[in-house]
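Here is the structure we will look at.
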Amino acid sequence: MRQKLVAGNWKMNGSKASIKELLDGIKKGIGDVVSAEVAVCPPFVYLADVEAQLTGTPVVWGAQNLSTEEKGAFTGEVAASMLNDFGCKYVIVGHSERRSLYGEDDALVATKFRVARAAGLKPILCIGESLDEREKSITNEVVARQIGAVIDLEGVSALTDGVIAYEPVWAIGTGKTATPEQAQEVHQFIRQRIAEKDASVAEKVQILYGGSMNAANASDLLAQSDIDGGLIGGASLKAEDFLTICRAAG
Ligand code: PGA
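All residue numbers for the sequence shown refer to our numbering, where the first residue is 156 and numbers rise by one.
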């Protein structure tokens, strides 16, 4: 039985004050979340605040990106060792916003997965098709290619050191969620694709759904047999909505 994970991707949102309020709310309600793991991914500059406020609670945290470099003259970049320094468990790699707005390709994302893994961080590998790709019926090819880049670099068993997040790009921040059936179909394809290489890895690896998951639709999505949690953007910024999703995960 795979544990469920609900991770909040705060993106470029928040202030010291709003984050304190949000974390206070999450801490108050976290006792009602029975078995799911709960994580939050703040912007880099708030990691110290988040570490201070969440240490000793069941809530874990991570970053939204990392550098492929270890250290040195890379202005504006943040290294894996620095994320470890602030107690991060997770780091998101290959989010569609990084792929589309900052030109991150499959090879770079796979390298980020490698660097995170080597540092003992758990990469949350985001994959998913654009609207155009879905309309062309090449969703499966796209997600297979995106995962394949990591498998080719690191080997299939590396996938269990991280988490996969299937996030159809057309569902991110649009309020247009994949139906539970649409999401399950792709999750099942991803798992089956991994099983062709290694059945026990496929059985173990957590595959989260992301893309306009909210308090109203979470339980139907999370009830699907291959959906092991959620990567939540907008709805992770309100404690009550986020907690409702976490409770729906168990
Ligand atoms: P959303 O974002 O929940 O706001 O659609 C999800 C994500 O980008 O991870």
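Cβ atoms here follow ideal geometry from the backbone N, Cα and C, with glycine treated the same way. Source: prediction; values computed, not measured.
Quick one: is the Cβ of residue i within less than 8 Å of any heavy atom of ligand 1?
{"i": "residue 342", "result": "no"}
{"i": "residue 320", "result": "yes"}
{"i": "residue 281", "result": "yes"}
{"i": "residue 377", "result": "no"}
{"i": "residue 329", "result": "yes"}
{"i": "residue 275", "result": "no"}
{"i": "residue 251", "result": "yes"}
{"i": "residue 217", "result": "no"}
{"i": "residue 326", "result": "yes"}
{"i": "residue 167", "result": "no"}
{"i": "residue 398", "result": "no"}
{"i": "residue 190", "result": "no"}
{"i": "residue 387", "result": "yes"}
{"i": "residue 372", "result": "no"}
{"i": "residue 391", "result": "yes"}
{"i": "residue 365", "result": "yes"}
From which residue to which residue does the beta strand (DSSP E) around residue i run?
{"i": "residue 382", "result": "Here residue 382 belongs to no beta strand (DSSP E), and DSSP marks it neither H nor E."}
{"i": "residue 362", "result": "362 to 365"}
{"i": "residue 195", "result": "192 to 196"}
{"i": "residue 320", "result": "318 to 321"}
For residue i, name the three-state secondary structure that DSSP assigns.
{"i": "residue 177", "result": "helix"}
{"i": "residue 349", "result": "helix"}
{"i": "residue 160", "result": "strand"}
{"i": "residue 330", "result": "coil"}
{"i": "residue 165", "result": "coil"}
{"i": "residue 212", "result": "coil"}
{"i": "residue 341", "result": "helix"}
{"i": "residue 188", "result": "coil"}
{"i": "residue 389", "result": "helix"}
{"i": "residue 303", "result": "helix"}
{"i": "residue 370", "result": "coil"}
{"i": "residue 273", "result": "helix"}
{"i": "residue 312", "result": "helix"}
Looking at residue i: is its Cβ nearer than 9 Å to the Cβ of residue j?
{"i": "residue 360", "j": "residue 349", "result": "yes"}
{"i": "residue 215", "j": "residue 185", "result": "no"}
{"i": "residue 181", "j": "residue 376", "result": "no"}
{"i": "residue 365", "j": "residue 164", "result": "yes"}
{"i": "residue 97", "j": "residue 369", "result": "No statement about residue 97 is possible, as the shown extent of the chain runs from 156 to 405 and does not include it."}
{"i": "residue 245", "j": "residue 276", "result": "yes"}
{"i": "residue 158", "j": "residue 207", "result": "no"}
On the DSSP letters alone, give me the boundaries of the alpha helix (DSSP H) that residue i sits inside.
{"i": "residue 205", "result": "202 to 209"}
{"i": "residue 359", "result": "354 to 359"}
{"i": "residue 377", "result": "373 to 377"}
{"i": "residue 399", "result": "394 to 403"}
Does the beta carbon of residue i fall short of 8 Å from some heavy atom of ligand 2?
{"i": "residue 175", "result": "As for ligand 2, it is missing from this structure, which binds only ligand 1."}
**Length-filtered (3 minimum) beta strand (DSSP E) runs lying within the segment 215 to 261** = 215 to 218 and 245 to 248
**Message:** Could you tell me which whole beta strand (DSSP E) segments of length 3 or greater appear in the segment 276 to 301?
**Reply:** 277 to 282
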